[in-house]
Amino acid sequence: MRAREMLSSHPQAAGVVNDALAQCIEACFDCAQVCMSCADACLAEDRSSQLARCIRLDLDCADACATTGSVLTRRTAATSALMVQMLETCADFCRLCADECDRHAGHHEHCRVCAETCRQCERACHQAATASGLTGPWLASAAR
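Numbering of the sequence shown is given in this note's numbering, commencing with residue 23 and proceeding in unit increments.
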């Protein structure tokens with residue numbers, strides 16, 4: 023992806039781009055794709071009904087990541103508090119999805135890949151918030 027290049031070319035950016043933000047945008051879109059693919063792979067498994075919670079969390083996480091990536095991409099006048107909430111929500115969905123996929127990772131490679139990708143996106147959300155100087159109650163717990 024070329025998030026950094028696009029962000030830096032925006033007229034309001036003045037060439038200054040937060041690298042953590044650009045990496046977070048890319049991680050969000052990557053995670054959205056992987057979660058969608060994992061849900062599809064779960065549906066193709068012989069006993070897909072046993073993976074219903076995993077499928078639902080995959081789809082929820084995919085939507086949360088895609089939305090977060092889209093909102094972070096726009097250089098609007100969004101308040102810091104709203105950005106913290108977006109990043110917090112995305113990180114929470116990623117954590118929940120990763121935890122569920124970890125339960126199936128020993129039997130399904132797609133769940134292992136998804137869990138890993140979700141954890142990377144969760145970290146990227148925390149790093150973007152920290153690098154942006156944003157604060158929120160979830161940042162304290164993320165540091166633990």
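All C-beta atoms in this analysis are idealised placements derived from N, C-alpha and C, irrespective of residue type, glycine included.
Residues near residue i by beta carbon distance below 8 Å, same chain, minus five either side
i	result
E67	L73, H130
A42	A146, Q149, A150, T152, A153, S154
R75	E122
Between the CA atoms of residue j and residue i - distance to the nearest angstrom
i	j	result
T95	M105	11 Å
V56	A137	9 Å
D80	E110	17 Å
A61	C53	12 Å
G128	C64	14 Å
C83	S71	19 Å
Q3	Q149	Lying outside 23 to 166, the shown extent of the chain, residue 3 is not represented and no answer is given.
I77	C116	13 Å
L118	S154	24 Å
E122	A103	29 Å
E144	R69	29 Å
N40	A151	10 Å
M58	D85	9 Å
V135	L29	28 Å
T89	H126	26 Å
C112	C87	6 Å
Cutoff 6 Å; reference residue i; Cβ partners in own chain excluding five residues on either side
i	result
I47	A25, G91, L94, T95
F51	G91
Q45	A146
H132	C60, A63
A120	A137, C140, R141
Residue i (DSSP reduced to helix, strand or coil)
i	result
A164	Confidence in A164 is poor, its pLDDT being 43 and thus under 50, which makes the residue's placement too unreliable to answer from.
R141	helix
R24	coil
Proximal residues to residue i (C-beta, below 7 Å), its chain only, five neighbours per side dropped
i	result
Q142	A49
T139	D52, C53, V56
Which residue spans inside the region 39-75 form an unbroken alpha helix (DSSP H) run of at least 4?
If one requires a minimum length of 4 residues, the alpha helix (DSSP H) runs lying completely within the region 39-75 are 41-66, in chain order.
At what residue ranges does the region 69-131 contain a whole run of the alpha helix (DSSP H), taking only runs of 4 or more?
Fully contained in the region 69-131 are the following alpha helix (DSSP H) runs of length 4 or more, in chain order: 74-95, 102-126.
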